[in-house]
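Comments concern the structure below.
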Amino acid sequence: MANQEQSRGDAPQFEPVIIGFTCNWCSYRAADLAGTARVKYPPNVRLIRLMCSGRLDPTFVMKALAGGADGVLITGCHPGECHYIEQNYKAMRRYMLLKRVLAQLGVEPERVKLVWASAAEGVRLAREITLMVEEVRKLGPLHWGKPNGQAAVPEAIETAEVTA
Amino acid sequence: MSQPIHLFDSDDPQERIGVYVCHCGTNIAGIVDVEEVRDWAGQRLKDRGVVVSRDYKFMCSSLGQEMIEKDIKDLGLTRVVVAACSPHLHEQTFRTAAQRGGLNPYLTELVSIREQVSWVHTDKNAATDKAKAVVSGGVERVIKNQPLEPLHVPINEATLVVGGGIAGIQAALEIADGGYPVFMVEREPSIGGHMAQFDKTFPTLDCAACILTPRMVSVGTHPHINLFTWSEVESVSGYVGNFTVTIRKKARFVNEELCTGCGICQEKCPKKIIDEIYEAGLGYRKAVYTPFPQAVPKYPVIDKPNCTYFLKGTCKACEKFCPTNAIDFNQKDELITIQVGNIILATGYDLFDPRRIPHYGYGRLANVYTSLEFERLSNAAGPTNGEIVLRDGKTKPKSVGVIHCVGSRDRNYNNYCSAICCMQSLKFAHLVHERTGATVYNFYIDIRTPAKAYDEFYQRVLEEGTLFVRGRVAEVTDAARKPEEEGRLIIQVEDTLAGKQRRIPVDMVILSAGLEPRKDAKATAHTFGISCSADGWFIEKHPKLDPVSTMTEGIFIAGCVTGPKDIPATVSQGAAAAARVMGRIQQKEILLEPVRASVNPDQCSGCRICNNLCPFNAITFIEDRMVTEINPALCQGCGTCVAACPAGAISGTGFSNEQILRQIDGLLMLNLEYMSEAAELVPA
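From first to last, the protein sequence lines are chains F and G. Under my numbering, the first residue of the first sequence is numbered 2, with each subsequent residue one higher. Under my numbering, the first residue of the second sequence is numbered 148, with each subsequent residue one higher.
In structure tokens form, the structure reads like this:
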């Protein structure tokens with residue numbers, strides 16, 4: 002298990018695992034810049050490079066959450082600055098829909114976050130990551146589909162079922 | 148209860164994977180326990196196909212690369228994962244190494260444990276664990292990598308240079324002299340840029356016009372340069388080697404075929420307008436004008452918003468007197484489309500507007516000047532013929548204060564140093580001293596004179612008797628407190644070396660204003676698909692090693708677009724950008740990343756959801772077969788359509804669903820669970 006691998010000794014603090022999706026042209030370079038500038042942020046985030054935030058299939062987010070991630074960070078170029086002209090707007094629309102779906106599945110909205118970060122904004126990306134790690138830490142682990150005996154379907158769904 | 152979702156297929160072909168973990172000296176090894184990551188990958192990921200796991204001091208060195216090549220040959224590796232720096236730095240290095248070893252280059256994966264782990268984290272254990280997860284993600288992903296071939300694209304030999312200042316001029320001449328065609332686009336009626344406005348250039352005190360105008364003439368007459376002045380780039384499409392650019396050639400209302408540049412129209416035009424651009428608001432021009440006598444091209448333009456004919460419907464003095472009937476009031480803007488292979492952006496800077504610092508009084512106190520105004524004032528071809536006089540046009544100043552760092556090195560305006568203001572202020576001090584004999588005060592924070600012969604110039608100005616006061620000026624005011632301050636400008640400053648407040652009365656104040664990005668720099672960056680820093684300067688590909696390239700292939704930058712620069716640095720960058728472009732052209736073709744989307748027609752249901760998603764018009768619907776197709780020549784590889792296809796019929800090479808989903812599994816260490824599951828399944 003990821004969390005076991007991660008918490009050596011008796012770390013009392015919950016360490017969330019966050020999967021971050023980055024755009025090749027802006028936020029991945031912002032992450033590179035944060036590194037070059039030695040800006041520090043917590044090690045809880047693990048980044049995946051896509052060519053564009055528009056490439057983000059909502060399935061990826063579902064997959065990450067179902068697979069044990071406690072949060073997902075989606076990053077892309079600022080509106081109007083997309084390398085592919087306007088595909089970040091498509092990412093934003095999908096994000097809006099995705100948030101509604103996740104809410105209906107009982108996932109707290111703070112667990113999935115969309116952040117714009119240009120290639121120059123290493124500091125900003127590091128700050129957003131730090132903030133998100135803290136927010137997710139407060140929420141605690143996402144027991145959703147984890148193969149550890151927890152209910153795969155959150156209770157909220159069963160109780161929220163409405164009959165006509 | 149549902150089973151955990153995963154993609155583990157028992158029929159995965161068994162890959163033979165090599166994992167290589169780089170120390171990067173102590174850059175990685177200082178925080179990440181590299182040996183532990185190496186051992187962990189070798190043991191725990193053995194069942195995922197890792198047959199060899201090594202660490203090395205510098206993987207990017209030739210010995211590190213040879214290690215990979217040797218393992219591919221000796222151990223029959225089919226996949227390679229390198230855990231080192233960012234793929235933007237060394238992806239190509241390791242792909243080439245794999246290729247030399249006989250492997251398709253795209254079967255390698257470089258994962259970042261430097262920029263994303265060792266440089267940003269401080270806890271060694273947590274960093275080592277994250278590095279393991281990152282390696283695990285890379286291993287899972289590389290299993291699904293496909294062998295690919297880069298796309299070969301021919302390069303158009305023509306180059307577009309945007310901006311006709313000294314950077315653009317230098318770049319255009321270098322390329323054209325090399326025998327390749329150049330299109331130059333300049334927004335103003337003439338090329339020359341800011342340098343054409345200056346009188347003398349520091350530290351040699353060469354006359355700016357004397358060294359610039361011969362180059363302008365060369366651009367105007369060069370057989371390989373096609374010059375578009377009074378024009379702007381409207382749109383850019385395509386990609387490196389094959390850009391299509393639309394240029395708006397604004398109506399000049401002067402027929403360039405007929406005009407001889409005799410200048411009679413300018414003489415006869417009855418309308419005088421303050422010239423805000425070339426004369427920096429100090430002088431006048433006519434409604435039909437060339438900005439200055441040596442303008443290239445020599446054809447004037449009619450300033451439509453100020454022309455009496457366009458305002459009132461009568462006048463036409465220029466038309467009446469033109470000896471060649473070149474005036475054409477019916478001319479319309481023209482849209483011209485050109486094809487180029489590379490683009491150099493040299494659009495320059497804007498001067499910081501000192502009105503934003505109200506306590507320096509610019510715009511309110513008559514004898515406060517900007518640096519650009521003073522350039523025109525001291526220019527022999529300027530509004531006062533080079534006489535340094537106050538706004539009344541006759542009084543010579545007896546004392547002059549030059550304020551450095553106006554709008555620079557100031558967290559209220561711009562944090563950066565504008566690089567040229569120290570030397571420019573020293574030049575002003577010298578010119579004032581030489582021409583008027585006035586006492587000159589320089590108010591500075593630090594004097595920065597790093598380039599060749601700069602400090603010698605500073606020493607010379609010191610010896611001439613210019614006074615230097617170290618301290619940021621608090622205020623420039625005309626409110627006199629003593630009789631001797633009456634009618635003068637008083638500079639209030641803390642002299643930080645003497646440790647006291649001073650009030651220094653002067654007749655003239657010159658604000659050495661900083662350089663700022665063009666007001667429309669963001670829009671320009673968007674048009675050309677490049678990025679701006681937070682300050683608004685264009686970002687270079689690498690600040691030290693690739694200062695004239697951008698992240699967008701085929702788009703180069705030169706001069707003050709990347710930040711404040713003096714003329715020698717600007718000229719060097721113009722020449723450097725030209726060298727890069729010519730290197731490209733001589734390669735004849737360029738290899739592009741084969742990241743493209745394609746549709747599997749057997750899976751496409753013809754729902755057309757993807758049809759409106761592509762901003763590059765690469766997606767078309769084939770009516771008779773009821774399926775969608777993607778044109779690989781137009782596809783830019785963003786993957787938005789791949790993500791949208793509900794049937795999963797669109798696949799994106801290099802970033803396929805399988806690769807990304809597997810990488811997620813790897814990052815979350817789910818792959819370790821597959822193995823235990825698989826182990827459970829085997830005995831049953």
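Don't be surprised by glycine CBs; every beta carbon is placed ideally from N, CA and C. Model, not experiment: these values are computed from the prediction.
Exercise for the section: Round the Cβ separation of G:T225 and G:R163 to the nearest angstrom and send it over; I've been treating them as touching at under 8 Å. Expected result: At roughly 5 Å, the Cβ-Cβ gap stays under 8 Å, so G:T225 and G:R163 are in contact.
Handout entry: Closer than 7 Å at the beta carbon, the chain F residues around G:D180
Key = In chain order: nothing, as chain F lies at least about 12 Å away.
Exercise for the section: Specify the secondary structure class of G:A705 as computed by DSSP and reduced to three states. Expected result: Three-state result, G:A705: coil.
Problem - F:C83 - partner residues in DSSP beta bridges - result: DSSP output for F:C83 lists F:I86 as bridge partner(s).
Problem - Cα-Cα separation, F:A152 to G:H268 - result: Residue placement at F:A152 cannot be trusted, given a pLDDT of 46 that sits under 50; what the coordinates show is reported in the next sentence. Rounded to the nearest angstrom, the two C-alpha atoms are 34 Å apart.
Exercise for the section: Along the alpha helix (DSSP H) that carries G:A280, what are the first and last residues, could you check? Expected result: K271 to I290
Handout entry: Contact the region 748-763 of chain G vs the region 58-76 of chain F: 3+ CB pairs below 8 Å
Key = Between the region 748-763 of chain G and the region 58-76 of chain F there are fewer than three C-beta pairs closer than 8 Å, too few to call the two in contact.
Practice task
Would you check if there are 3 or more beta carbon pairs closer than 8 Å linking the region 727-740 of chain G to the region 289-303 of chain G?
Solution key: Yes: the two stretches touch, three or more of their Cβ pairs being nearer than 8 Å.
Handout entry: Distance CB(G:I316)-CB(G:I302) smaller than 9 Å
Key = no
Problem - the region 457-472 of chain G touching the region 369-383 of chain G, judged by at least three CB pairs closer than 8 Å - result: no
Exercise for the section: Determine, using beta carbons only, whether F:W117 comes closer than 9 Å to chain G. Expected result: no
Practice task
State buried or exposed for G:Y203, treating a residue as buried only when at least 16 other CB atoms are found within 10 Å of its CB.
Solution key: With 16 or more other Cβ atoms within 10 Å, it is buried.
Practice task
Check whether the region 163-179 of chain G touches the region 212-230 of chain G, counting contact only when three or more Cβ pairs, one atom from each stretch, lie closer than 8 Å.
Solution key: yes
Handout entry: chain F residues whose Cβ lies nearer than 9 Å to that of G:R261
Key = Here the neighbours are G36.
Handout entry: DSSP beta-bridge partners of G:Q97
Key = Here chain G has residues from 148 to 831 only, and residue 97 of chain G is not among them.
Exercise for the section: Just grab the DSSP bridge partners of F:W117 for me. Expected result: F:G77
Exercise for the section: Name the residue from G:F241, G:L250, G:V168 and G:D324 whose alpha carbon lies nearest to the alpha carbon of G:I260. Expected result: G:V168
Practice task
Could you have a look at F:P110 and say whether DSSP puts it in helix, strand or coil?
Solution key: helix
Handout entry: Per-residue contacts from G:N804 into chain F (C-beta, under 9 Å)
Key = D58, T60 and F61
Exercise for the section: With a floor of 4 residues, list each alpha helix (DSSP H) that falls wholly inside the region 567-630 of chain G, ordered by position along the chain. Expected result: 568-583 and 601-610
Exercise for the section: Kindly indicate which residue of G:M773, G:Q783 and G:G753 has the alpha-carbon position closest to the one of G:P793. Expected result: G:G753
Handout entry: Contacts of F:M52 in chain G (Cβ-Cβ under 7 Å)
Key = V742, G784, C785, G786 and F802
Practice task
Would you please verify whether the beta carbon of F:Y29 is less than 9 Å from any beta carbon of chain G?
Solution key: yes
Exercise for the section: With distances taken Cα to Cα, identify the nearest neighbour of G:D557 among G:Y591, G:V587 and G:A528. Expected result: Between G:D557 and the set G:Y591, G:V587 and G:A528, the nearest pair of CA atoms involves G:Y591.
Problem - Closer than 7 Å at the beta carbon, the chain C residues around F:D71 - result: Protein chains F and G are contained in the structure displayed, whereas chain C is not.
Handout entry: Cα-Cα separation, G:H170 to G:P234
Key = Cα-Cα distance, rounded: 16 Å.
Exercise for the section: Look at the Cβ atom of G:V332, then the Cβ atom of G:A305, and state whether they are nearer than 9 Å. Expected result: no
Practice task
Quick one: using the 10 Å Cβ neighbour count with 16 as the cut-off for buried, is F:L98 buried or exposed?
Solution key: Exposed.
Problem - Euclidean distance between Cα positions of G:L257 and F:V134 - result: 26 Å
Handout entry: Beta-carbon proximity check, G:T517 vs G:L658, cutoff 9 Å
Key = yes
Practice task
Mark G:P350 as exposed unless 16 or more other C-beta atoms lie within 10 angstroms of its C-beta, in which case mark it buried.
Solution key: buried
Handout entry: Neighbourhood of G:A427 by C-beta distance below 8 Å, restricted to the same chain and skipping five residues each side
Key = Q344, T517, L519, E520, E522 and R523
Practice task
Return the bridge partner residues of F:F22 from the DSSP annotation.
Solution key: F:I49 and F:I75
Problem - Proximity winner among F:I49, F:A92 and F:C53, relative to F:I19 (alpha-carbon distances) - result: Taking only the C-alpha atoms, the option nearest F:I19 is F:I49.
Handout entry: Unbroken stretches of the beta strand (DSSP E), 3 residues or longer, contained in the region 379-431 of chain G
Key = 389-396 and 419-422
Exercise for the section: Reducing DSSP to helix, strand and coil, say where G:I152 ends up. Expected result: Annotation note: pLDDT 40 at G:I152 (below 50); position unreliable, coordinate value reported separately. Coil at G:I152, not helix or strand.
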